[in-house]
Amino acid sequence: MRKLLLSTVIAATAATTAATGAFAQSASDVAKARRAFYTLVNFEMATLGGMAQGKVDYDADLASQSAGDLMSLASLHTADYFAPGSSNEDIPGETRAKSDIWDDMEGLQEKGMAFYQAIADLNEVAGNGLEALQPAMGKVGGTCKACHDDFRAKDF
């Protein structure tokens, strides 16, 4: 059921991404798509993070599946989720994306590539034991923090 739900949401997200390039989307719709994407990322990160922190028992199959799902998400073309006019200054209360993103798109892309590489590394080792999972999750978490520190507001 979980895999079916995730596959359905990924397909819907991918369709939204494709449609965004073809049709003008409102800033609110862009922010909703961006939040949906990161909600899915957080869902998988919570599973893996719980294992890495010892809050739930390590399960090699589940760790591999979650890391693979993260890899699928990280492989999506997400540039359309950062359309100009979709910052927290533009649409207050709908997003925590700071306007600094659009002042430093190169920095955002660099952080995105670091996230992608950390996820790729995680995907390689997630099923190889807790000792392999923990440092890989630390690296992924570090890439998340780096982006949040620069580009994510504390509140909506």
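Just so you know, the sequence shown maps onto residues -24 to -1, 1 to 132 in mature numbering (1 follows the signal peptide of the UniProt record, and there is no 0).
For each residue, glycine too, the CB sits at the ideal point set by N, CA and C.
Three-way DSSP call (helix, strand, coil) for residue i in this model
i	result
C120	helix
D131	coil
D14	Checking the sequence shown, residue 14 turns out to be Tyr, not Asp. The answer is helix: DSSP assigns Y14 an H, G or I state.
D125	helix
S2	coil
G30	coil
Any non-hydrogen atom of the ligand FAD within 7 Å of residue i CB
i	result
S51	Annotation note on the ligand FAD: not contained in the displayed structure, which lists no ligands.
Proximity of residue i and residue j at Cβ, strictly below 8 Å
i	j	result
M47	A96	yes
residue 161	L84	Absent from the model: residue 161. The displayed extent of the chain is -24 to 132, so no value can be given.
A9	Y57	yes
L24	A36	no
Same chain only: Cβ atoms within 6 Å of residue i, ignoring 5 sequence neighbours per side
i	result
V129	Per the sequence presented here, residue 129 reads as Ala, with Val not at that position. Closer than 6 Å at the Cβ level, and outside the excluded window around A129, lie N64, R72 and K74.
D5	none
V17	L49
A(-3)	Bear in mind that a pLDDT of 34 at A(-3), under 50, signals an unreliable position, so the model cannot answer this.
G69	F132
Cutoff 8 Å; reference residue i; Cβ partners in own chain excluding five residues on either side
i	result
A122	K87 and A90
Y34	M27, G105, L106 and L109
W78	F58, P60 and S63
G118	A94
Close Cβ partners of residue i (< 7 Å) along its chain, the five nearest in sequence each way excluded
i	result
I67	A3, S4 and A7
D76	D126 and F127
Could you name each continuous alpha helix (DSSP H) segment of 4 residues or more that falls completely within the segment 37 to 118, going from the start of the chain to the end?
Every alpha helix (DSSP H) stretch that sits fully inside the segment 37 to 118 and reaches 4 residues is listed by chain position as 76 to 79 and 81 to 101.
The segment 104 to 116 / the segment 18 to 30 touching (three or more Cβ pairs under 8 Å):
Because the criterion of three Cβ pairs below 8 Å is met, the segment 104 to 116 and the segment 18 to 30 touch.
Please confirm if the segment 31 to 45 is in contact with the segment 96 to 106, defined as three or more CB-CB distances below 8 Å between the two stretches.
The answer is yes - the segment 96 to 106 touches the segment 31 to 45, with three or more Cβ pairs under 8 Å.
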